Amino acid sequence: MGSKLVENAAMPPALLDDVRAAQFLGLGRRTLQNWRVQGVGPRFLRIGRSVRYSMADLLEYCATRRFHSTSEADQRVAAKAAA
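Below you can see the structure in the form of structure tokens.
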């Protein structure tokens with residue numbers, strides 16, 4: 003029974019366009035576009051004229067932005083700015 007559930011589950015695509023990547027992150031498409039220009043945000047792939055985000059890169063990006071407190075987050079931002 004458990005294997006049937008896995009077989010029928012919809013797997014997310016390995017590569018997402020910027021609209022779906024933004025939805026996954028809870029952001030606007032323009033935010034991701036701006037981040038690409040600024041060189042911040044999650045890693046992306048350019049395939050021809052298309053931009054794609056791998057689910058692995060989006061998850062890694064989220065994992066690197068986990069904090070226990072706002073002061074921890076502020077310290078990490080300050081450390082990056084000083085580097």
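Residue numbers for the sequence shown follow our numbering, beginning at 3 and rising by one.
In this text, a Cβ means the ideal position worked out from N, Cα and C, and glycines have one as well.
Computed from a predicted model, the values in this text were never measured in an experiment.
- Here the region 15-34 makes contact with the region 52-63; the two share three or more CB pairs at distances below 8 Å.
- The alpha-carbon separation between ALA80 and TYR55 amounts to approximately 27 Å.
- Per DSSP, reduced to three states, the secondary structure at SER52 is strand.
- For ALA58, the enclosing alpha helix (DSSP H) starts and ends at 57-65.
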